[in-house]
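Here's the structure we're looking at; comments come further down.
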DNA sequence: CATTGTATTTCATCATGACAGAATACAAGC
DNA sequence: GCTTGTATTCTGTCATGATGAAATACAATG
């Protein structure tokens with residue numbers, strides 16, 4: 001075994017996390033069985049993860065005695081480079097269509113040819129795009145892209161939908177926000193404001209933005225709210241990876257987010273909800289200024 | 001070719017529909033090419049559909065001249081018996097789990113064995129169940145059912161989510177309702193009230209109920225509202241196919257729906273929206289009476 | 001006796017090929 | 001020239017087998 005599996009990398013990360021949470025020290029012994037039980041997985045992939053950690057010099061195997069902790073690592077040092085393989089194809093295909101690299105109607109084999117993908121992958125990607133209503137199956141064979149004429153309308157519908165949900169989500173009875181989450185978000189926003197803006201920052205900015213809204217949706221305690229917002233984020237990911245509104249809009253966005261965080265930290269949810277409403281209303285108008293709706 | 005394909009049956013239905021819409025009479029000729037163009041499909045499946053209609057005695061082929069209409073059928077006489085093959089498995093598997101016929105954790109092959117399904121079908125079904133958050137992939141192999149402890153909470157969350165969306169959907173700027181849809185819904189509801197209630201009516205009642213809410217969501221003109229409600233209906237389909245609240249609740253439900261239809265027919269959308277809010281609030285409390293929440 | 005090491009079984013994914021149906025092109029008939 | 005008839009090509013689904021990884025059972029060791 002050379003390259004650790006996706007699962008093994010995940011487990012390695014989670015093991016490091018557990019080590020930190022349990023406050024273990026150098027020299028302590030880890031136990032394959034209990035790790036497997038806590039991670040809800042069999043011993044086999046746990047061993048793979050431990051071998052990976054061994055190569056990184058974090059643990060050392062003591063035959064028949066346990067796995068000794070050599071160094072306490074930070075979680076970041078293990079993080080796998082690849083996130084979700086399919087996700088990248090989703091974004092790439094959607095973009096290629098927008099930039100007219102792909103025809104409106106297309107077959108699965110055509111995509112296989114163009115991108116050198118195998119059929120299962122293409123099918124997964126297409127069915128995910130279909131969930132997002134970006135493509136649909138044609139009656140006979142093939143698929144058809146749905147975006148095109150409806151793009152500007154979609155934008156408005158998306159914001160009106162979020163206006164129904166996000167402010168109300170904050171008022172859900174089960175709403176509960178970790179203070180560590182708030183702190184983390186504050187830090188990320190502050191860093192974004194301090195760092196000079198570059199073209200390459202747009203993806204990171206988008207993801208922070210998405211994480212903010214998704215985190216609040218998750219905190220609502222209402223899984224349907226959460227699912228709906230995750231869905232929205234995934235959709236917006238296609239069209240907004242290339243941020244074209246300049247840094248001043250980034251500043252406004254971060255300020256508004258941080259204001260909400262302030263009130264949420266004090267559990268002033270009614271105010272936060274109102275701020276969210278205004279935030280979304282403002283954001284929805286941004287496009288109209290730069291790219292006015294012909295309607 | 002013996003049995004018409006799924007696609008061919010669909011096309012047969014749509015051809016009948018077109019015949020009715022166009023007001024064609026017995027003796028008129030149909031044209032394969034134009035049908036294929038209108039149905040956005042090649043001639044091949046159209047021919048299959050026409051052969052199907054020929055066997056049913058609705059058309060007759062006139063070689064090299066056209067396809068003659070022998071009888072004007074009602075759309076219902078063609079309707080295929082099978083709706084969506086996967087859908088049935090979805091419902092069945094979800095129910096089998098609820099009634100403890102299936103273990104909490106299960107592998108794909110286990111499902112293949114139990115139901116005699118092939119792997120692609122199992123994978124489609126499982127991934128759809130995963131979209132509905134009824135199952136999730138275990139870290140290693142296999143799947144895990146998520147329902148169980150969370151069922152009562154899910155019920156409340158679902159209604160609160162719908163309360164955010166459905167009343168607002170009626171107020172969407174793009175809202176537009178076909179008057180034929182209103183009439184059709186009125187008729188269905190009236191029939192439900194007149195006909196004696198039987199156990200077997202519960203599925204039909206559920207589907208009418210779902211069609212009402214989904215139709216209004218579609219009318220909102222906001223595709224995200226529509227998608228979200230479709231999603232909710234699919235979810236409720238699993239737990240509510242067996243209606244256990246008696247006929248009096250059916251009566252209340254139909255009356256409330258019909259009241260909304262009255263106002264919608266007069267385009268009194270604000271009132272309809274308010275009625276929808278109250279309707280959902282009442283419906284959400286029904287369970288609490290018959291099956292009180294332990295929390 | 002608890003722990004790791006090893007072997008076996010089970011599982012899911014991928015690759016390949018067969019097959020049925022849809023798309024396309026061309027021929028034939030009125 | 002427009003229509004259906006026929007043949008060919010293309011596409012997607014299903015079936016099968018190979019492969020690598022996870023789950024499980026058992027052995028070995030301190």
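Chains as they are written, first to last, in UniProt numbering: chain A, 1 to 295; chain W, 1 to 295. C-beta atoms are modelled at their ideal positions from N, C-alpha and C, and glycine is treated no differently.
DSSP, reduced to helix, strand and coil, places residue 69 of chain W within a strand of the structure shown. By the Cβ test, the stretch 8–16 of chain W is not in contact with the stretch 183–199 of chain A, since fewer than three Cβ pairs between them sit closer than 8 angstroms. Straight across, the Cα-Cα distance linking residue 37 of chain A with residue 154 of chain W is about 28 angstroms. The beta carbon of residue 179 of chain A sits closer than 8 angstroms to the beta carbons of 265 from its chain, once the five residues preceding and following it are set aside; these are given in chain order.
Where residue 61 of chain W is concerned, there is no enclosing alpha helix (DSSP H), although the beta strand (DSSP E) around it starts and stops at 59–62. Interface annotation, residue 215 of chain A: not in contact with chain W, CB-CB separation never under 8 angstroms.
Listed along the chain, the chain A residues whose CB falls inside 7 angstroms of the CB of residue 135 of chain W amount to none; the nearest CB is some 14 angstroms away. A distance below 6 angstroms between beta-carbons, with the five flanking residues on each side excluded, links residue 89 of chain W to the following residues of its chain, in chain order: 125. Under the 8 angstroms criterion on CB atoms, residue 103 of chain W is classed as non-interfacial with respect to chain A. Residues of the stretch 112–139 of chain W with a C-beta less than 8 angstroms from any C-beta of chain A: 127, 131, 133, 138, 139, listed in chain order. Secondary structure at residue 16 of chain A: helix, using DSSP grouped into helix, strand and coil. Taking residue 56 of chain W as reference, the option from W:46, W:47, W:73 with the minimal CA-CA separation is W:73.
In terms of Cβ geometry, residue 122 of chain W and residue 106 of chain W do not form a close pair [threshold 8 angstroms]. Restricted to the stretch 94–165 of chain A, the alpha helix (DSSP H) segments that are unbroken, complete and at least 4 residues in length are 108–115, 119–131, listed in chain order. An exposed status is given to residue 29 of chain W, since fewer than 16 other beta-carbon atoms sit within 10 Å of its beta-carbon.
At least one CB of chain A lies nearer than 8 angstroms to the CB of residue 228 of chain W. When DSSP states are grouped into helix, strand and coil, residue 29 of chain A belongs to the strand group. Going by C-alpha positions, residue 129 of chain A is about 37 angstroms away from residue 254 of chain W. Using a CB distance cut-off of 8 angstroms, residue 158 of chain A counts as an interface residue toward chain W. At least one CB of chain A lies nearer than 8 angstroms to the CB of residue 225 of chain W. Within 8 angstroms of the CB of residue 42 of chain W, the CB atoms of chain A belong to 140, in sequence order along the chain. The beta carbons of residue 136 of chain A and residue 143 of chain A sit about 7 angstroms from each other, so the pair counts as a contact at 8 angstroms. For residue 4 of chain A, the nearest beta carbon of chain W is not closer than 8 angstroms to its own beta carbon.
For residue 168 of chain A, the closest Cβ of chain W is nearer than 8 angstroms. The Cβ atoms of residue 169 of chain W and residue 117 of chain W do not sit closer than 8 angstroms to each other. In the three-state reduction of the DSSP assignment, residue 175 of chain A falls in the coil class, being assigned neither a helical nor a strand state. As the crow flies, the alpha-carbon of residue 278 of chain A is around 12 angstroms from that of residue 160 of chain A.
Residue 222 of chain W belongs to the set of residues whose beta carbon lies under 8 angstroms from a beta carbon in chain A. Around the beta carbon of residue 8 of chain A, a 10 Å sphere encloses 16 or more other beta carbons of the protein chains shown; the residue is thus reported as buried.
Residue 110 of chain W has a beta carbon lying at 8 angstroms or more from every beta carbon in chain A. Around residue 228 of chain W, the same chain offers 161, 165, 217 as residues with beta carbons nearer than 8 angstroms, after the five sequence neighbours per side are excluded. The C-alpha of residue 220 of chain A lies about 6 angstroms from the C-alpha of residue 174 of chain A. A residue is called buried when at least 16 other Cβ atoms come within 10 angstroms of its Cβ; residue 20 of chain A does not meet this threshold and is exposed. Every alpha helix (DSSP H) of 4 residues or more that sits fully in the stretch 166–227 of chain W is shown, in chain order, as 179–194, 201–219.
For residue 69 of chain A and residue 35 of chain A, the gap between their C-alpha atoms comes out near 14 angstroms. Burial check for residue 65 of chain W: the Cβ neighbour count within 10 Å stays below 16, so the residue is exposed.
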